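Protein chains in written order, with the numbering used here: chain A, 1 to 114; chain B, 1 to 116. For glycine and all other residues, C-beta sits at the position ideal for the given N, C-alpha and C. Here the structure is a predicted model, which is why all the values come from computation and not from measurement. Below is one structure, written out as structure tokens, with a few remarks after it.
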């Protein structure tokens, strides 16, 4: 079945450092790819998405590019802030299996120190 | 305001005592789903519903029941809770776009359940 693998962390960075969180996937169809973020005590919320190969999703300074050849969707940010401290989930959605198609990775906890 | 509302936010119960966690969305979404979140395991799908009266099992359905009698509500029922069901639960909903592909999920704030 479909699956998502991501670095589990925790990842600890200093403010203004560069961030990369790796995400790779396996899917039988042509999935859409997502990054969700979970701030402490809250539910998940969509950070960015990409629906086809070579698409770049971006939001709040975060970016990720859909790489079909490497089945990857790595999250990057050039300069992290303390407010970016959260858990980040990579996810896929495979339209061939609509009902069960939101598959999440295990999450990566990011802590940004001032 | 568009939202998914779960209740209660926190729940402590004892083994075997039936409980229901409610979930309601005000966005007229067709698709609703329940997940549990456990450390190191991420989110795992329990049950999902494509529309009213249409439900199906996710990856970890054992010990849970759901119903979808109205479009806006999707309660999660634990008939006889056990300690291994201690977890953080999330309800989510999404619009069904058919051939246009997947829409993003809207999540509730979560229910922290402890079964003693």
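Residues of its chain near residue i, where Cβ-Cβ distance is below 7 Å and the 5 sequence neighbours each way are ignored
{"i": "residue 19(B)", "result": "11, 13, 78 and 81"}
{"i": "residue 107(B)", "result": "4, 90 and 92"}
{"i": "residue 4(A)", "result": "23, 25, 90, 91, 92, 103, 104 and 105"}
{"i": "residue 59(A)", "result": "47 and 48"}
Residues that residue i bridges to, as DSSP identifies them
{"i": "residue 38(B)", "result": "42(B)"}
{"i": "residue 112(A)", "result": "13(A)"}
{"i": "residue 56(B)", "result": "48(B)"}
{"i": "residue 91(A)", "result": "34(A) and 104(A)"}
{"i": "residue 50(A)", "result": "33(A)"}
{"i": "residue 6(A)", "result": "23(A)"}
8 Å CB neighbourhood of residue i in its chain, flanking five on each side removed
{"i": "residue 116(B)", "result": "12, 13, 14, 15 and 83"}
{"i": "residue 9(B)", "result": "109, 110, 111 and 112"}
{"i": "residue 50(B)", "result": "30, 31, 56 and 96"}
Contacting residues, own chain, Cβ-Cβ under 6 Å from residue i (five flanking each side not counted)
{"i": "residue 57(A)", "result": "48, 49, 50 and 64"}
{"i": "residue 76(A)", "result": "20 and 63"}
{"i": "residue 114(A)", "result": "15 and 82"}
{"i": "residue 107(A)", "result": "87 and 89"}
Residue of the options minimising C-alpha distance to residue i
{"i": "residue 92(A)", "options": "8(B), 93(B), 103(B) and 87(B)", "result": "103(B)"}
{"i": "residue 1(B)", "options": "86(B), 62(B), 67(B) and 28(B)", "result": "28(B)"}
{"i": "residue 48(B)", "options": "40(B), 31(B) and 26(B)", "result": "31(B)"}
{"i": "residue 35(A)", "options": "6(A), 18(A) and 68(A)", "result": "6(A)"}
{"i": "residue 85(B)", "options": "72(B), 54(B), 63(B) and 73(B)", "result": "63(B)"}
{"i": "residue 68(A)", "options": "54(A), 78(A) and 38(A)", "result": "54(A)"}
Subject >> Cβ-based contacts, 9 Å cut-off: residues of the segment 60-71 of chain B near chain A >> reply: none
Original post:
Pairing CB atoms from the segment 9-26 of chain A with CB atoms from the segment 37-50 of chain A, are three or more of them under 8 Å?
Top reply: no
Original post:
Name the residues in the segment 52-82 of chain A whose C-beta lies less than 8 Å from a C-beta of chain B; which are they?
Top reply: Cβ contacts with chain B: none found.
**OP:** For the segment 4-16 of chain A and the segment 80-95 of chain A, state whether three or more C-beta atom pairs, one from each stretch, are separated by less than 8 Å.
**Re:** Judged by Cβ distances under 8 Å, the segment 4-16 of chain A makes contact with the segment 80-95 of chain A, as three or more pairs qualify.
**OP:** Return the residues of the segment 10-29 of chain A that lie within a Cβ-Cβ distance of less than 8 Å from chain B, sorted by chain order.
**Re:** none
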